[in-house]
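Okay, so here's the structure we're looking at.
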Amino acid sequence: MVEVFTEENKKMYLEYLKVNEEKFFSKRILTAVIFAIAYTVIIMMIDNPWYLIGIPFIMVFGYKIPYIELISFKKRSEILNQYMFPNFLGYFVALLDTQGNVYQTLKATTQYINDPLKSEVENLINKLEENNVDNRDAFLEFAEYIGSSEAHMIMNLIYDFTEEGINKNDLIELESMISKLQENKTNEYIRYSASSMDKHGTPMLIYGMLYVFIFSALALTGYASSLL
42 MVEVFTEENK KMYLEYLKVN EEKFFSKRIL TAVIFAIAYT VIIMMIDNPW
92 YLIGIPFIMV FGYKIPYIEL ISFKKRSEIL NQYMFPNFLG YFVALLDTQG
142 NVYQTLKATT QYINDPLKSE VENLINKLEE NNVDNRDAFL EFAEYIGSSE
192 AHMIMNLIYD FTEEGINKND LIELESMISK LQENKTNEYI RYSASSMDKH
242 GTPMLIYGML YVFIFSALAL TGYASSLL
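Just so you know, we're using this note's numbering here: the sequence shown kicks off at 42 and counts up by one.
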């Protein structure tokens, strides 16, 4: 809840989700204006101008909604990436024999995976093509994007493949790590799906109920005033 008011991680969320800051700001302003207009229309219907003092609060509420959505999208994207990562690795290992090297295998996997992970894999490929970028850093940045300790270990191992070649023992180790990761992440995703409504839907539910309550109270007050 504090995060909604401070917005201390806004820049990080925008960068992670690749959202244009200017467009995001425009969306916030538009949402605030729409809420203000809707509120004003209701005030005009109940014919009580005193309630116009609530417009700034309603606009702030509308202004915050896109940021609440941003937090929700960030969390959902993180969960999706961690769930899709083992599938990507499965394709990587399956294609490694036919493609011959890590770079070609990474390129081949992109036709089997979807966004948001696909965009980041393509970003990794682009970095590997640049001479001024250290390959290890590129792999570690990708692991950082996935955001798990397993990702760091696996991407380190894949980086070693690019430098030292692929040997049977390392490949067996990689397959074992992927198999364990797939099992763990599948179980985590099931638990997340079961609890996500309670964990992330509650704030939006509270805001929605508050919104309905305020407008209902105003409408009832206006109706009661008209009877007197």
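Just so you know, even glycine gets a beta-carbon here, dropped at the ideal spot from N, CA and C.
Ala192 places its beta carbon 8 Å or farther from that of Phe98.
If you draw a straight line from the Cα of Ile96 to the Cα of Glu49, it is about 25 Å long. Rounded to the nearest angstrom, the gap between the Cα atoms of Glu119 and Phe76 is 30 Å. With a cutoff of 8 Å on beta-carbon distance, Ile213 and Leu137 are scored as not near each other.
Boundaries of the alpha helix (DSSP H) around Asn176: 176 to 187. Out of Pro90, Asn172, Ala149, the CA that lies nearest to the CA of Glu163 is found in Ala149.
In the structure shown, Gln145 adopts helical secondary structure according to DSSP, grouped into three states. When rounded, the separation of the alpha-carbon atoms in Ile187 and Val45 is 24 Å. Cβ neighbours of Tyr104 within its own chain (closer than 7 Å, five residues either side excluded): Arg69, Thr72, Ala73.
Judged by pairs of C-beta atoms under 8 Å, the stretch 143 to 157 does not touch the stretch 215 to 225, as fewer than three such pairs exist. Short of 7 Å from the beta carbon of Leu169, and not among the five residues preceding or following it, lie these beta carbons of its own chain, in chain order: Tyr144, Asn176, Ala179. Assigned with DSSP and collapsed to three states, Thr139 falls in helix. Straight-line spacing of the CA atoms in Phe183 and Leu55 works out to 17 Å. Under the three-state reduction of DSSP output, Tyr104 falls in the helix class. With fewer than 16 other CB atoms across the displayed protein chains lying within 10 angstroms of its CB, Ile94 is exposed. Excluding residues up to 5 positions away in sequence, Leu93, Ile96 lie with their Cβ nearer than 8 Å to the Cβ of Thr81 in the same chain. For the pair Ile154 and Tyr132, the CB atoms are nearer than the 8 Å cut-off. Taken atom to atom, the span from the alpha-carbon of Leu121 to that of Pro157 is near 8 Å. By the neighbour-count definition (other C-beta atoms within 10 Å, threshold 16), Phe129 is a buried residue.
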